[in-house]
Amino acid sequence: MAHLTLTQRELLYTLHWKRRTQEEIADALGCSQSTVSRELVRNKAGPRLRYLPDRADEIARERRVTAKADGVRWFDHAMLFAYVRAKLELKWSPQQIAGRIKRDFPRNGAMRVSHFSIYAYLWNDRWSGGELYKHLRNRGRKRKWYGMADGRRQITIPNRRSIDERPKIVDAKKRYGDWESDLVVGNGAIATFVERKSKLLRAALLPDQTALEMTKGARKAFSDIPSAWRRTMTHDNGREIADHETITKDLSLIVYCAHPYRSCERGLNENTNGLLRQFFPKKTDFQTITHEQVAFAVDLLNNRPRRTLKYRTPNEIFQKYITQHYAFQVLM
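Take the sequence shown: its letter number 43 is residue 363 in the numbering used here, and every next letter is one higher.
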């Protein structure tokens, strides 16, 4: 059977999008019409998704790796399945698992699986009565957007700095020290702070949503953050940030306020709050949880590999900086 290259798949995609016939596409690719037909059917990410060349190439490569392993399916490979299961139990996404495994086993070709294959296994397992899918963040639910719909009151903030005044370099995410902050609200709240470049999360459990408690929470959250990682913090216009001048004075963080109802201006923090909700679902009574439970959830999230970090974890990046900074100070 002919194996198409990524370049051929990109050409196939273009011609298919232009509504060329399979026979015309086959002539352009230099393969049989049956190869084109099989490619369009087998290498979609799912029955509801269209054909995309990069995803098709990944699926095909995964299928070949699986086939080479003496016909053993990936979930029949004991070591590979144990790895996937362990990471699912840590609440990693299939994409994080598939990306990180290449870092953990760079020379072991048998330790490979695509995130499409993991998803397919999880849904088949679910319909067979399995429960592994419950480790997924959304579990098939529609996405909920976290923004200003939590009912927090907007107030006039003394000496408020608008996000329009924020240095442009913050947008580029080229330096450490620029943070986004928010509250995950319930009966009580969790203050969250996410560093834009490293994705490092810090959080503090608050008894209420007042500015006083927010300031206390910020002091606690940044207690182990070096001064070089304290530059700016972008928040919404909630009353909890009214004491921002104290935060600036105590922590050397210049606080900027996003435009009202523009959660996209703090997209990383909004997304991270959604991840935290996996541990503390909506309607959780925060008066019943402990600081240790929050710290445990934060630690799990900071040790998840991220695609945008080339499947390194936020903690790995932070610890590397701390180690290098300490070594430099010793040399000085």
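For glycine and all other residues, C-beta sits at the position ideal for the given N, C-alpha and C.
Is it buried or exposed for residue i, if we count other Cβ within 10 angstroms and need 16 for buried?
i, result
"residue 426", "exposed"
"residue 394", "buried"
"residue 552", "buried"
"residue 329", "buried"
"residue 337", "exposed"
"residue 516", "buried"
"residue 339", "exposed"
"residue 478", "exposed"
"residue 643", "exposed"
"residue 616", "exposed"
Would you tell me roughly how many angstroms separate the C-alpha atoms of residue i and residue j, rounded to the nearest one?
i, j, result
"residue 415", "residue 593", "19 Å"
"residue 549", "residue 498", "7 Å"
"residue 540", "residue 504", "17 Å"
"residue 409", "residue 455", "6 Å"
"residue 373", "residue 531", "50 Å"
"residue 349", "residue 364", "19 Å"
"residue 321", "residue 413", "Reliability fails at residue 321, whose pLDDT of 48 lies under 50, so the model's placement of it is uncertain and the value that follows must be treated cautiously. Between residue 321 and residue 413, the C-alpha separation is close to 33 Å."
"residue 523", "residue 351", "56 Å"
"residue 335", "residue 371", "12 Å"
For residue i, which beta-bridge partners are listed by DSSP?
i, result
"residue 502", "512"
"residue 576", "554"
"residue 482", "577"
"residue 521", "514"
"residue 526", "509"
Among the residues of its own chain, which have a CB less than 7 Å from the CB of residue i, if the five just before and after it don't count?
i, result
"residue 446", "453"
"residue 518", "496, 634, 637 and 638"
"residue 557", "474, 477, 577 and 580"
"residue 572", "547 and 550"
With a threshold of 6 Å (Cβ to nearest heavy atom), would residue i be considered close to the ligand MG?
i, result
"residue 409", "With respect to the ligand MG, the structure shown offers nothing to examine, as it has no ligands at all."
Would you say residue i and residue j are within 7 Å of each other, going by their C-beta atoms?
i, j, result
"residue 633", "residue 623", "yes"
"residue 654", "residue 566", "The requested residue 654 does not occur in the structure, where the chain is confined to residues 321 to 652."
"residue 490", "residue 588", "no"
"residue 521", "residue 638", "no"
"residue 508", "residue 606", "yes"
"residue 598", "residue 457", "yes"
"residue 511", "residue 526", "yes"
Within the same chain, show all residues whose beta-carbon is closer than 8 Å to that of residue i, passing over the 5 residues directly before and after it, in chain order.
i, result
"residue 585", "483, 554, 578 and 579"
"residue 631", "416, 419, 420, 422, 423 and 625"
"residue 485", "576"
With a CB to CB cut of under 6 Å and the five nearest residues on each side skipped, what residues in its chain are close to residue i?
i, result
"residue 564", "575"
"residue 658", "Residue 658 lies beyond the stretch modelled for the chain, which goes from 321 to 652, so this question has no answer here."
"residue 501", "513, 553 and 555"
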